[in-house]
Amino acid sequence: MNEASARRKPNEQPVLLDTELDHLPPELRWREWMGRVEAVIFAASDPVPREVLARVVGKNCNLELIIDDIRAEFAGRPHELVAVAGGWQHRTKIFGDAIRAAFGTAAGEGQKNCRRRRRWF
Numbered sequence: 222m223n224e225a226s227a228r229r230k231p232n233e234q235p236v237l238l239d240t241e242l243d244h245l246p247p248e249l250r251w252r253e254w255m256g257r258v259e260a261v262i263f264a265a266s267d268p269v270p271r272e273v274l275a276r277v278v279g280k281n282c283n284l285e286l287i288i289d290d291i292r293a294e295f296a297g298r299p300h301e302l303v304a305v306a307g308g309w310q311h312r313t314k315i316f317g318d319a320i321r322a323a324f325g326t327a328a329g330e331g332q333k334n335c336r337r338r339r340r341w342f
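Residue numbers (the numbering used here): 222 to 342.
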């Protein structure tokens with residue numbers, strides 16, 4: 222049993238999500254899908270596999286192109302989407318020293334303290 226189903230009350234139905242978004246023009250639909258994929262990856266503490274991301278976009282959505290567009294928007298920012306362990310993860314780029322300094326940990330120690338664990342659901 223996953224965490225979401227454990228919190229659900231016995232008669233509570235799972236959330237239904239309009240993944241096709243047929244009411245939106247193509248460009249707005251694409252932007253909504255990008256936002257959903259980015260939000261799911263950002264909220265997860267572990268790499269998010271393609272199968273999970275596919276749950277929040279339309280059946281004909283090309284997830285690889287969505288990821289490419291998100292990564293392009295991150296160009297020049299201190300964070301990026303990276304392919305890790307068969308999924309996607311939101312990570313900082315080259316600012317490890319600054320992050321360790323902010324949290325008061327030495328290089329190589331306290332790795333868990335440097336990596337924010339996010340739980341939004």
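Note that beta-carbon positions come from the ideal geometry of N, C-alpha and C, so glycine has one too.
In DSSP terms, what residue i is bridged to
i      : result
Gly308 : Pro270 and Val305
Thr326 : Answer is none; Thr326 lacks a bridge partner.
His300 : Thr313
Element boundaries [alpha helix (DSSP H), containing residue i]
i      : result
Asp290 : Leu284 to Glu294
Pro247 : Pro247 to Ala264
Test item: CB-CB of residue i and residue j under 8 Å
i      : j      : result
Val269 : Thr240 : no
Pro299 : Lys314 : yes
Val258 : Leu274 : yes
Member of the options whose CA lies at the smallest distance from the CA of residue i
i      : options                   : result
Trp254 : Asp289, Pro235 and Asp267 : Asp289
Val261 : Ile287, Ala319 and Ala323 : Ile287
Arg252 : Ala306, Ala265 and Ile291 : Ile291
Gly256 : Leu284, Asp243 and Ile320 : Leu284
Asp267 : Leu237, Ala296 and Arg312 : Arg312
Arg271 : Arg321, Gly308 and Ile320 : Gly308
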